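Q: Per my numbering, the very first residue in the sequence shown carries number 5; after that it's consecutive.
Glycine included, each C-beta is placed from N, C-alpha and C at the ideal position.
Every value quoted in this text rests on a predicted model; they were computed, and no experiment measured them.
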Amino acid sequence: MTFSSHNPPLVLIADDDKVVRVCLRQAMEQDGYQVIEAVDGENCLAMFSKMQPDVVLIDAVMPHMDGFTCCQQIQKMEQHLEGNGTPLLMITSLDDEESVQQAFSSGASDFVTKPIHWAVLRQRVKHLLNQVRLYEQLQSANQELKRLATSDGLTQVANRRRFDEYLQQEWNRMQRDRLSLSLVMCDIDFFKVYNDTYGHQEGDDCLKKVAKVLDRAAKRSIDLAARYGGEEFAIILPNTDLQGATRVAKNIQDALREIDIPHSGSKIGENLTLSMGVASTTPSPMINPEMLISAADRALYQAKEAGRDRFCTFTP
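1. Quick check: what's the CA-CA separation for ALA50 versus ILE40?
2. Give me the DSSP bridge partner(s) of PHE315.
3. In chain order, what are the residue ranges of uninterrupted beta strand (DSSP E) at least 3 long that sit wholly in the region 217 to 268?
4. Check the C-beta distance from ARG312 over to SER279 and give it rounded, since I have them as a contact under 8 Å.
5. So if DSSP puts SER186 in a beta bridge, which residue, or which two residues, is it bridged to?
6. Given THR6, which residues of its chain have a CB within under 6 Å of its CB, disregarding the five upstream and five downstream residues?
7. Using a 10 Å radius around the Cβ and a threshold of 16 neighbouring Cβ atoms, would you call ASN163 buried or exposed?
8. Mind pulling the alpha helix (DSSP H) runs of 4 or more residues that sit fully within the region 102 to 162?
9. For the beta strand (DSSP E) that ILE17 lies in, which residues bound it at each end?
10. Where does LEU321 sit, in a helix, a strand or coil, going by DSSP?
11. Taking 8 Å as the cut-off, decide whether the C-beta atoms of ALA303 and CYS316 are in contact.
12. What do you reckon, are the CB atoms on VAL129 and LEU93 nearer than 8 Å?
13. Can you tell which of HIS267, GLY234, LYS223 has the C-alpha that lies nearest to the C-alpha of GLY248?
14. Check GLN323 in the structure and name its three-state DSSP category.
15. In three-state DSSP terms, what is ASN275?
16. Kindly indicate which three-state DSSP category LEU98 falls into: helix, strand or coil?
17. According to DSSP, is ILE192 helix, strand or coil?
18. Tell me, please, which residues DSSP counts as bridged to LEU61.
19. Thinking MET116 and ILE95 are a contact (beta carbons under 8 Å), I'd like their distance in whole angstroms, please.
20. Following the continuous alpha helix (DSSP H) through ASP44, name the residue where it begins and the one where it ends.
21. Just checking my contact of LEU187 with ILE297 at CB under 8 Å: how many whole Å lie between their CB atoms?
22. Express the C-alpha separation of ARG220 and MET295 in angstroms, rounding to a whole number.
23. Determine the direct distance from the alpha carbon of LYS216 to that of GLN173, and round the result to whole angstroms.
24. Roughly how many angstroms separate the alpha carbons of LYS54 and TYR198, rounded to a whole number?
25. Report yes or no: do the region 234 to 244 and the region 175 to 195 share at least 3 C-beta pairs separated by less than 8 Å?
26. Nearest to HIS121 by CA position, among MET178, SER97, LEU183, is which residue?
27. So what does DSSP say about GLN56, is it helix, strand or coil?
28. Between which two residues does the alpha helix (DSSP H) harbouring ILE289 extend?
29. Starting from ASN11 and walking both ways along the alpha helix (DSSP H), at which residues does that stretch end?
30. For SER288, which residues from the same chain have a beta carbon less than 7 Å from its beta carbon, with the 5 sequence-adjacent residues on both sides left out?
31. Determine, using beta carbons only, whether LEU132 and SER113 come nearer to each other than 8 Å.
32. Specify, as a first and last residue, the run of the alpha helix (DSSP H) that GLU174 falls within.
33. Consult DSSP for GLY4 and reduce its assignment to one of helix, strand or coil.
34. Taking only the alpha-carbon atoms, compute the straight-line gap between SER109 and ALA42 and give it to the nearest angstrom.
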């Protein structure tokens with residue numbers, strides 16, 4: 005559930021008693037909420053699916069489908085969602101211990117008894133919505149922390165830790181599916197000379213520009229561009245054979261030439277260039293991810309030995 009799905013929050017009231025529904029609607033609207041109504045459990049499920057309310061007030065005893073079953077069905081509808089789901093407030097005249105336990109075991113977040121104490125109801129609805137809001141804020145903070153933990157602080161592409169994790173993850177997936185996995189290792193030619201010539205601030209800006217080129221080259225959601233270390237970058241290309249990976253390398257060359265970064269200290273031209281090593285394999289129990297990295301490194305070394313500003317390929 006996403007708290008911000010409705011503003012103000014949307015309350016779904018499910019009760020077969022029209023008088024109760026009217027009273028609940030008035031109470032909720034007085035607190036500034038939007039309100040929709042359902043006349044029984046089945047109608048409640050249909051309205052819930054269509055409108056995705058922020059909180060549901062459910063009568064425990066209704067014809068066709070009681071509130072307990074309705075709660076269980078809503079829980080099943082939200083099984084695929086992360087988080088605590090939509091808060092469900094049971095309204096019941098049954099206050100014995102067994103009924104209370106049944107309400108919570110059915111998925112209710114809280115309950116109020118009839119006759120309804122309206123101040124208590126308002127506070128519990130407010131509390132449930134606040135819980136959802138706090139949970140959303142916590143999730144957002146956790147996602148940001150995860151992004152910071154897996155991103156390179158300077159270039160904003162994936163960092164080495166994320167590279168290692170993702171390579172192992174995709175290695176396992178490609179091995180299971182018997183598909184190709186490719187890796188492109190990239191090294192900025194004469195980067196130390198670039199830093200010495202233009203200064204470290206310009207060097208940082210250069211790294212950012214190169215990272216942006218590589219990130220754009222990793223076009224699919226399953227591709228990952230990462231800073232491997234220093235002036236070295238890598239792109240993981242799942243479900244990609246050697247031919248597809250060489251196309252990516254060629255695109256990187258073309259894109260880097262287009263942005264035209266001057267490099268007066270280069271020994272092979274006037275602009276910044278990359279040397280790249282491209283390797284591809286179909287993962288199997290007989291080899292490991294480190295062998296793919298070694299193959300790409302070997303191809304990268306060959307590219308440097310051959311004069312730089314090019315890519316070479318190697319298959320482990």
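A: Taking the structure as given:
1. Along the sequence shown, one-based indexing puts residue 50 at 46. Along the sequence shown, one-based indexing puts residue 40 at 36. Near 12 Å, if we compare the C-alpha coordinates of ILE40 and ALA50.
2. Start at 1 with the first residue of the sequence shown, and residue 315 comes out as number 311. Bridge partners of PHE315: MET280.
3. 228 to 233, 236 to 242
4. Indexing the sequence shown from 1 puts residue 312 at position 308. Indexing the sequence shown from 1 puts residue 279 at position 275. Distance from ARG312 to SER279 at the Cβ level is roughly 5 Å; contact confirmed, criterion being Cβ atoms closer than 8 Å.
5. As a first step, residue 186 must be located in the sequence shown, where it is residue number 182. Its beta-bridge partners are LEU241, SER284.
6. Your numbering for residue 6 matches position 2 in the sequence shown. Caution is warranted here: a pLDDT of 46 is assigned to THR6, below 50, making its placement in the model unreliable, and the coordinate value is therefore given only provisionally. No residues qualify anywhere along the chain.
7. As a working mapping, residue 163 is identified with position 159 in the sequence shown. Classification for ASN163: buried.
8. 122 to 154
9. To locate residue 17, count along the sequence shown from 1; it is residue 13. Segment 14 to 18, the beta strand (DSSP E) holding ILE17.
10. Nothing can be reported for residue 321: it is not among the residues displayed for the chain, which extend from 5 to 320.
11. Indexing the sequence shown from 1 puts residue 303 at position 299. Indexing the sequence shown from 1 puts residue 316 at position 312. Yes, these two residues count as a Cβ contact at 8 Å.
12. The count along the sequence shown starts at 1 and reaches residue 129 at position 125. The count along the sequence shown starts at 1 and reaches residue 93 at position 89. Judged by beta-carbon spacing, LEU93 lies within the 8 Å limit of VAL129, meaning their Cβ atoms are closer than that value.
13. Counted from its first residue, the sequence shown places residue 248 at position 244. Per the C-alpha coordinates, the member of HIS267, GLY234, LYS223 positioned closest to GLY248 is LYS223.
14. In this structure the chain extends from 5 to 320, so residue 323 is not present and cannot be described.
15. If you number the sequence shown from 1, residue 275 lands on position 271. Residue state, collapsed to three classes: strand.
16. In the sequence shown, counting from the first residue as 1, residue 98 sits at position 94. Coil, per DSSP.
17. Start at 1 with the first residue of the sequence shown, and residue 192 comes out as number 188. In the structure shown, ILE192 sits in a strand (DSSP, three-state: E or B).
18. For the purposes of this step, residue 61 is taken as the residue at position 57 of the sequence shown. Looking at the DSSP output, LEU61 bridges to ILE17, LEU93.
19. Start at 1 with the first residue of the sequence shown, and residue 116 comes out as number 112. Start at 1 with the first residue of the sequence shown, and residue 95 comes out as number 91. Sequence inspection shows Val at residue 116; the Met mentioned does not correspond to that position. VAL116 to ILE95, Cβ: 6 Å. Contact.
20. For the purposes of this step, residue 44 is taken as the residue at position 40 of the sequence shown. Segment: none, ASP44 is in no alpha helix (DSSP H) and carries neither H nor E.
21. Locating residue 187 in the sequence shown gives position 183, where the first residue counts as 1. Locating residue 297 in the sequence shown gives position 293, where the first residue counts as 1. Right, the Cβ-Cβ distance comes to about 7 Å (below 8 Å), so this counts as a contact.
22. Counting from 1 along the sequence shown, the entry for residue 295 is found at position 291. Counting from 1 along the sequence shown, the entry for residue 220 is found at position 216. Inter-residue distance for MET295 and ARG220 is about 26 Å (C-alpha atoms, whole angstroms).
23. For the purposes of this step, residue 173 is taken as the residue at position 169 of the sequence shown. For the purposes of this step, residue 216 is taken as the residue at position 212 of the sequence shown. Distance between the alpha carbons of GLN173 and LYS216: 24 Å.
24. Translated into positions along the sequence shown, residue 54 becomes position 50. Translated into positions along the sequence shown, residue 198 becomes position 194. C-alpha separation (whole angstroms): 59 Å.
25. yes
26. Taking the first residue of the sequence shown as 1, we reach residue 121 at position 117. Of the listed residues, the one whose Cα sits closest to HIS121 is SER97.
27. Residue mapping note: residue 56 aligns to position 52 of the sequence shown, counting from 1. Coil, per DSSP.
28. Taking the sequence shown and counting its residues from 1, one reaches residue 289 at position 285. The residue asked about is misnamed: residue 289 is Pro in this sequence, not Ile. Per DSSP, PRO289 belongs to no alpha helix (DSSP H) and is neither H nor E.
29. Mapped onto the sequence shown, residue 11 falls at position 7. Element bounds for ASN11: n/a, residue is neither H nor E.
30. Taking the first residue of the sequence shown as position 1, residue 288 is located at position 284. Contacts found: GLN179.
31. Position 128 of the sequence shown, counted from the first residue, corresponds to residue 132. Position 109 of the sequence shown, counted from the first residue, corresponds to residue 113. Contact: yes.
32. Mapped onto the sequence shown, residue 174 falls at position 170. Counting along the chain, the alpha helix (DSSP H) containing GLU174 begins and ends at 164 to 181.
33. In the structure as shown, the chain begins at 5 and stops at 320. Residue 4 is therefore absent and cannot be evaluated.
34. For the purposes of this step, residue 109 is taken as the residue at position 105 of the sequence shown. For the purposes of this step, residue 42 is taken as the residue at position 38 of the sequence shown. SER109 and ALA42: Cα-Cα distance of roughly 23 Å.
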